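Read the structure below first, then the notes.
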Amino acid sequence: MKIIKVKNYDEMSKIAANIIASKIILDDHCTLGLATGSTPIGTYQNLIKKYQNGDISFKNIKTINLDEYVGLNEEDTRSYRYFMNDNLFNHVDIDKSNTHVPKGMAQDMEQESERYNRLIEDLSPVSVQLLGIGENGHIGFNEPNDYFPLKTHVEKLTDSTIKANQRFFEKGEHTPEFAITMGIENIMSAQTVIILASGIKKAQAMRDSLQGKVMPNVPASILQLHKDLIVIGDEDAFSMMDI
Ligand code: F6R
Numbered sequence: 044m045k046i047i048k049v050k051n052y053d054e055m056s057k058i059a060a061n062i063i064a065s066k067i068i069l070d071d072h073c074t075l076g077l078a079t080g081s082t083p084i085g086t087y088q089n090l091i092k093k094y095q096n097g098d099i100s101f102k103n104i105k106t107i108n109l110d111e112y113v114g115l116n117e118e119d120t121r122s123y124r125y126f127m128n129d130n131l132f133n134h135v136d137i138d139k140s141n142t143h144v145p146k147g148m149a150q151d152m153e154q155e156s157e158r159y160n161r162l163i164e165d166l167s168p169v170s171v172q173l174l175g176i177g178e179n180g181h182i183g184f185n186e187p188n189d190y191f192p193l194k195t196h197v198e199k200l201t202d203s204t205i206k207a208n209q210r211f212f213e214k215g216e217h218t219p220e221f222a223i224t225m226g227i228e229n230i231m232s233a234q235t236v237i238i239l240a241s242g243i244k245k246a247q248a249m250r251d252s253l254q255g256k257v258m259p260n261v262p263a264s265i266l267q268l269h270k271d272l273i274v275i276g277d278e279d280a281f282s283m284m285d286i
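If you're matching positions, the sequence shown starts at 44 in our numbering and goes up one per residue.
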């Protein structure tokens, strides 16, 4: 495990973008595993800058995202497909048909999960999987549990996740209770995993995940077993760890 401790969110975002850009430079046909949420937005902004400066191209890049809310269509501004278009894909030269997010409006979510697992295999190897971390230690939407779900599946979101994500929805508006997410084995199959964490709210999850026991009650703890894990966090996120 490589731990990179930085001052703040901006520094974290720059370093993450540099690492992802280096993967693109080494293989401009590679597959990137991407995440949504507040954490990777700065990373995407830095990648867009690198594209605008002519340093990287996404022309032949393929992407696969971790998750999507069940019940939101792609035009919904709160959907993760919309987020990815808005925060990255619309600003670079990627071919959108090479970008993949699970379909939250699929008629049969079991079939959609199977389709997504096959897609992950077809696009393998995922060169680098970008992750954020939930306050409860979730990765993707794999919530604390008594086992590690291996493959893409529908997950009931915990109250703490629904509360944390309420900020993306209007007050009083119904926040989705289910999401379709890659499983732990899907995530672990990436060649390199980068996990980002910024802010004091992530400090406990970071300590439990990186220095605690590997257990499904702290899903991110499984990352300790990944052969090429890069952890980039700011001072607040590492504030409960002695590093
Ligand atoms: C998003 C995802 C989630 C988030 C996590 C942290 O695709 O899979 O695991 O990374 O909930 O969210 P933020 O970054 O908003 O704190």
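Just so it is clear, CB atoms sit at the ideal spot from N, CA and C, and this is done for glycine as well.
Computed from a prediction, not measured in an experiment: that's the story for all the values here.
Can you check DSSP and say which residues form a bridge with residue i?
i              : result
tyrosine 112   : Ala222
asparagine 179 : Looking at the DSSP assignment, asparagine 179 forms no beta bridge with any residue, so it has no partner.
glutamate 198  : Ala222
leucine 77     : Asn108
asparagine 61  : Its beta-bridge partners do not exist; DSSP assigns none.
isoleucine 46  : Val274
asparagine 185 : Ile182
For the ligand F6R, any of its heavy atoms closer than 7 Å to the Cβ of residue i?
i                 : result
histidine 217     : no
phenylalanine 281 : no
leucine 109       : yes
histidine 269     : no
threonine 142     : no
serine 252        : no
threonine 79      : yes
glycine 177       : yes
phenylalanine 287 : For residue 287 there is no data in the structure shown, the boundaries of the chain being 44 and 286.
tyrosine 123      : yes
threonine 82      : yes
leucine 174       : yes
histidine 181     : yes
Quick check on the burial criterion: 16 or more other C-beta atoms within 10 angstroms. Buried or exposed for residue i?
i                 : result
valine 257        : exposed
lysine 45         : exposed
lysine 245        : buried
glutamate 216     : exposed
lysine 50         : exposed
proline 192       : buried
leucine 268       : exposed
serine 241        : buried
histidine 72      : exposed
arginine 368      : The requested residue 368 does not occur in the structure, where the chain is confined to residues 44 to 286.
phenylalanine 281 : buried
isoleucine 68     : exposed
tyrosine 190      : exposed
lysine 105        : buried
glutamine 209     : exposed
isoleucine 286    : exposed
isoleucine 227    : buried
isoleucine 243    : exposed
threonine 82      : buried
Beta strand (DSSP E) runs contained entirely in the region 231 to 257, provided each spans 3 or more residues: Runs of the beta strand (DSSP E) inside the region 231 to 257: 235 to 240.
Alpha helix (DSSP H) segments (min. 4 residues) lying fully within the region 135 to 173: You should have 152 to 166.
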